[in-house]
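The next block holds one structure in the form of C-alpha coordinates; read it before the comments.
Residue numbers (the numbering used here): 22 to 63.
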(Lines of atoms letter the chains of each structure in order from A; the text may use other names.)
(Lines give C-alpha, C1' and ligand atoms only; values in the text may rest on other atoms or scores of the structure.)
Protein backbone atom coordinates (compact mmCIF):
# COMPACT_ATOMS: atom_id res chain seq x y z
CA UNK A 22 0.00 0.00 0.00
CA UNK A 23 2.77 2.43 0.92
CA UNK A 24 4.69 1.55 -2.25
CA UNK A 25 1.56 2.18 -4.31
CA UNK A 26 1.12 5.57 -2.69
CA UNK A 27 4.65 6.78 -3.36
CA UNK A 28 4.37 5.40 -6.89
CA UNK A 29 1.28 7.54 -7.42
CA UNK A 30 3.00 10.62 -6.04
CA UNK A 31 5.98 9.97 -8.29
CA UNK A 32 3.70 9.67 -11.32
CA UNK A 33 1.94 12.91 -10.37
CA UNK A 34 5.31 14.67 -10.14
CA UNK A 35 6.31 13.36 -13.57
CA UNK A 36 3.05 14.68 -15.06
CA UNK A 37 3.54 18.07 -13.41
CA UNK A 38 7.12 18.36 -14.69
CA UNK A 39 5.99 17.33 -18.16
CA UNK A 40 3.35 20.09 -18.17
CA UNK A 41 5.91 22.65 -16.95
CA UNK A 42 8.35 21.65 -19.69
CA UNK A 43 5.65 21.97 -22.34
CA UNK A 44 4.68 25.43 -21.12
CA UNK A 45 8.30 26.55 -21.05
CA UNK A 46 8.89 25.19 -24.56
CA UNK A 47 5.85 27.11 -25.77
CA UNK A 48 7.39 30.32 -24.44
CA UNK A 49 10.47 29.45 -26.52
CA UNK A 50 12.97 29.91 -23.72
CA UNK A 51 16.50 28.65 -24.15
CA UNK A 52 17.44 25.18 -22.91
CA UNK A 53 19.68 26.77 -20.30
CA UNK A 54 16.87 28.89 -18.87
CA UNK A 55 14.52 25.90 -18.80
CA UNK A 56 17.09 23.78 -16.96
CA UNK A 57 17.63 26.58 -14.45
CA UNK A 58 13.91 26.94 -13.71
CA UNK A 59 13.31 23.19 -13.48
CA UNK A 60 16.29 22.86 -11.15
CA UNK A 61 15.01 25.67 -8.93
CA UNK A 62 11.53 24.16 -8.87
CA UNK A 63 12.89 20.71 -8.05
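Idealized CB from N, CA, C, for every residue including glycine.
Everything numeric in this text was worked out from a predicted model, so none of it was measured.
Asked, Found
"Near the ligand GDP: residue 39 beta-carbon under 7 Å from a heavy atom", "Of the ligands one can find in the structure shown there are none, so the ligand GDP has no counterpart to examine."
"Alpha carbon of residue 52 to alpha carbon of residue 35, nearest angstrom", "19 Å"
"Cα-Cα separation, residue 37 to residue 58", "14 Å"
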